[in-house]
Amino acid sequence: MRRFKDLFGLVLRYRLNLIGNIVFNALGSVLSLFTFLAIVPFLRILFRTNDAVETEEGGHAVFVQVTAALDQYVAANGAEQALFMMCGAIAVLALVKNAITYLSFYSLATIRTGVARDLRSQLFDRILALPVGYFTEQRKGDLISRMTNDLMEVEFSVIGTLEVLFKAPIMIVLSLVTLFAISWELTLFALVFMPVSGFIISRIATALRGAAGRGKARLGDLISRLEETLGAMVVVKAFDAAPRFRDRFAEHNEGYFRLMRKLYKREYLSSPVSEFVSMTVIAILLAVGGRLVLRGEGLEGELFIGYLVVFSQIIPPARSLSDAIFKVQKGAASLDRLDEVLQAEVTVAEPQQPVAMEFQKEVSFEGVRFRYAGSTEPALDGFSLTVKKGETVALVGPSGSGKTTVARLLLRLYDPEQGHVRMDGLDLREASTGSVRSKIGFVTQDPLLFNDSVAANIALFDPHFDPERVRSVADIAHATEFVDQLSEGFETPIGDGGSRLSGGQRQRLAIARALYHDPPILVLDEATSALDAEGERLVQAAIERVMEGRTAVVIAHRLSTVRRADRIIVMDRGSIAESGSHEELMAAQGVYQSMVALQQLEG
1 MRRFKDLFGL VLRYRLNLIG NIVFNALGSV LSLFTFLAIV PFLRILFRTN
51 DAVETEEGGH AVFVQVTAAL DQYVAANGAE QALFMMCGAI AVLALVKNAI
101 TYLSFYSLAT IRTGVARDLR SQLFDRILAL PVGYFTEQRK GDLISRMTND
151 LMEVEFSVIG TLEVLFKAPI MIVLSLVTLF AISWELTLFA LVFMPVSGFI
201 ISRIATALRG AAGRGKARLG DLISRLEETL GAMVVVKAFD AAPRFRDRFA
251 EHNEGYFRLM RKLYKREYLS SPVSEFVSMT VIAILLAVGG RLVLRGEGLE
301 GELFIGYLVV FSQIIPPARS LSDAIFKVQK GAASLDRLDE VLQAEVTVAE
351 PQQPVAMEFQ KEVSFEGVRF RYAGSTEPAL DGFSLTVKKG ETVALVGPSG
401 SGKTTVARLL LRLYDPEQGH VRMDGLDLRE ASTGSVRSKI GFVTQDPLLF
451 NDSVAANIAL FDPHFDPERV RSVADIAHAT EFVDQLSEGF ETPIGDGGSR
501 LSGGQRQRLA IARALYHDPP ILVLDEATSA LDAEGERLVQ AAIERVMEGR
551 TAVVIAHRLS TVRRADRIIV MDRGSIAESG SHEELMAAQG VYQSMVALQQ
601 LEG
């Protein structure tokens, strides 16, 4: 089973803990057998003290020697003292056994939590490495479900894997060896019935994996619905859509309930089946073995009781073995879902030998063609543009004309299908993404702030940020005028998504964030389109101030904000329709002039 090997491969990273777990499990199994077999001399002391010194002729040599030694001890010290000695020995064995059992669980704790930690880190690293387009196709709620519930199932599967490989088999093998030593004929007779239980449990487990996978997918749907509702609560309430959202959630919730009930119905069937088969075998052994004892055919009564006690101890590990198989099956379904993320294609790959990126002259797009996944029309088609250092270039045009795509390609969030995006003549694909993005400050229409302090948002969680630098860029972005009025200044928490701030305040913090690392290039994507007149005035003043001495690519819908640009690029269907200054384009009386006239009319 491939997934079983995958799970074991994760465990092998913790070899020392794994070796310790194996050793402790083996010692614990041996001590368990000694504890259970102690009932044989205990019974002999109670019921056969009158012939204590007599040695049995039958039985195996080991049991004959142990019996003889016990009989001599009873003869020399008396049955009562021997009884106390046996009780003390059992208590000591139990203490040592449980101490070793604790150590085995302690070593397992590091393995199970370590595997979960490693997988969680791999997933998060992969999510950070995946292209932006991946997240437009995947639901956030489903990704959250994979990183929480699926990871938990894999963690439980680690326990199941170790039980399958080491703990339960060790106990079963040692018990079988002991049973064969006591009575090989009776043990062979009992083993005939064991495959029946294994076959039934394996059939149930095979059906479980498919149900587990469907259950995880349904849970992802459920969390996605919840995440959608929480993110759009204002809209839900404003449109009185709560009943419709409730019905939609109830539908998914009911589907998940039915599927999980079916899954657990199968899972919980394994334990009763295995116990029923085991108890049936014990009942048969009682009949067959009891008959041998009554007939005096080579098996003493106390030894037969010891045999039954040891045989009964095969049942718990056998049941745990069946439970472990179910854990592995469920974990395998979860691991499949995690693999879908871990094996997702990284379309923006880091170069094997990255070249240092510099920006001294220009940024250029050369015959760029790009199409988003699932789209039939290209977002950019033969797009070529050169932006000189220190120049401000504005991109305007209708929605879907390719303006934002230009910014995303410049930030190397995507790579072009054809053509090149270069910085000082070097293709961006030849440099690391970190080297490219360190040259660019990015401000979006939605500021996308985080639930932390003002300073942490500006420095973007830089653990060694410079407070003076934070204040300096905030001042340039016209943000200090409201930050200083907050209760804790730059240490004030701003709430989820910056909910405690106005739209204009959030946007000015985003501008300060873009400036924090002093990038030579600024990309402003519709930075003022969602603001009111006063907010737009303040943010526009901040933008004009931060663009001084920098190269800027400004994407705007409101044409009044781009009049001062050195060059305005009018885009249409992924290519350039017109290019020039505001005055030149107005004089040409083309597309740009029509757009300006239309906005003035609408205003």
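The sequence shown begins at 1 in the numbering used here and counts up one residue at a time.
Beta carbons are placed, not taken as given, at the ideal position from N, Cα and C, and that holds for glycine.
Terminal residues of the beta strand (DSSP E) in which residue i lies
i	result
Gln352	Careful: Gln352 lies outside any beta strand (DSSP E) and carries neither H nor E.
Lys388	Leu380 to Lys388
Ala555	Checking the sequence shown, residue 555 turns out to be Ile, not Ala. That run of the beta strand (DSSP E) goes Thr551 to Ile555.
Asp525	Ile521 to Asp525
Short CB-CB distance (under 7 Å) between residue i and chain D
i	result
Arg567	No chain D appears in this structure, which consists of one protein chain only.
Which of helix, strand or coil DSSP assigns to residue i
i	result
Asp572	strand
Ser107	helix
Arg567	strand
Gln445	coil
Gln72	helix
Asp427	strand
Glu56	Because Glu56 sits at a pLDDT of 43, beneath the cut-off of 50, its placement in the model cannot be relied upon, and the following sentence gives the value as read from the coordinates. The answer is coil: DSSP assigns Glu56 none of H, G, I, E or B.
Arg422	strand
Ala344	coil
Ala373	coil
Pro463	coil
Ser121	helix
Ala577	strand
Ile314	coil
Leu10	helix
Ile494	coil
Asp51	The predicted model places Asp51 with a pLDDT of 47, which falls under 50 and marks its position as unreliable; any figure quoted below should be read in that light. Helix at Asp51.
Val591	helix
The alpha helix (DSSP H) enclosing residue i, as first and last residue numbers
i	result
Ser364	It is not in any alpha helix (DSSP H) - Ser364 instead sits in the beta strand (DSSP E) that spans Glu362 to Phe370.
Gly133	Val132 to Glu137
Gly504	Gly503 to Leu515
Leu174	Ala168 to Ile182
His582	His582 to Ala588
Arg471	Pro467 to Ile476
Arg408	Lys403 to Leu410
Leu413	It is not in any alpha helix (DSSP H) - Leu413 carries neither H nor E in the DSSP assignment.
Leu143	Lys140 to Ser145
Val396	Taken as a continuous stretch (DSSP letters only), Val396 belongs to no alpha helix (DSSP H), being part of the beta strand (DSSP E) at Thr392 to Val396.
Asn457	Val454 to Ala459
Ser435	Thr433 to Arg437
Thr480	Thr480 to Val483
Cβ-based neighbour list, residue i, same chain, cut-off 6 Å, excluding 5 preceding and 5 following
i	result
Glu54	With a pLDDT of 44 at Glu54, under the threshold of 50, the predicted position of this residue should be treated as unreliable, though the coordinate-derived value follows. Correct list: empty, nothing qualifies.
Arg244	none
Gln599	Leu559
Cutoff 7 Å; reference residue i; Cβ partners in own chain excluding five residues on either side
i	result
Val355	Leu426, Glu430 and Ala431
Lys403	Leu395, Gly397, Ile555 and Met571
Lys361	Lys389 and Asp424
Nonlocal neighbours in the same chain, by C-beta distance under 8 Å from residue i, ignoring five residues either side
i	result
Leu460	Arg513 and Tyr516
Ala344	Arg126, Leu130 and Tyr134
Phe8	Thr161 and Leu165
Check: residue i C-beta below 6 Å from any heavy atom of the ligand NAD
i	result
Thr492	The ligand NAD is absent from the structure shown, which contains no ligands of any kind.
Across the region 336-351 and the region 109-126, are there enough close Cβ pairs to call them in contact, namely three or more that are closer than 8 Å? Taking 8 Å as the limit for Cβ pairs, the verdict is that the region 109-126 does touch the region 336-351.
Between the region 164-180 and the region 7-25, are three or more C-beta pairs nearer than 8 Å? Short answer: they touch.
With three or more C-beta pairs closer than 8 Å as the rule, is the region 424-432 touching the region 534-551? Two segments are said to touch when three or more pairs of C-beta atoms, one from each, lie closer than 8 Å; by this definition the region 534-551 does not touch the region 424-432.
Say whether the region 136-148 touches the region 279-296, bearing in mind that this needs 3 or more beta-carbon pairs closer than 8 Å, one atom from each stretch. No contact exists between the region 136-148 and the region 279-296.
Measuring CB atoms only, is the region 491-509 touching the region 364-384, in the sense that at least three cross pairs come out at less than 8 Å? No contact exists between the region 491-509 and the region 364-384.
Taking 8 Å as the cut-off, does the region 578-596 touch the region 406-422 (at least 3 CB pairs, one atom from each stretch)? The answer is no - the region 578-596 does not touch the region 406-422, with fewer than three Cβ pairs under 8 Å.
For the region 368-380 against the region 568-582, do three or more pairs of beta-carbon atoms, one drawn from each stretch, fall closer than 8 Å, so that the two count as touching? The region 368-380, when compared against the region 568-582, does touch it at the 8 Å Cβ threshold.
Should the region 310-320 be called in touch with the region 175-187, which here means at least 3 C-beta pairs below 8 Å? A contact exists between the region 310-320 and the region 175-187.
Taking 8 Å as the cut-off, does the region 446-459 touch the region 488-497 (at least 3 CB pairs, one atom from each stretch)? Output reads yes: the region 446-459 touches the region 488-497.
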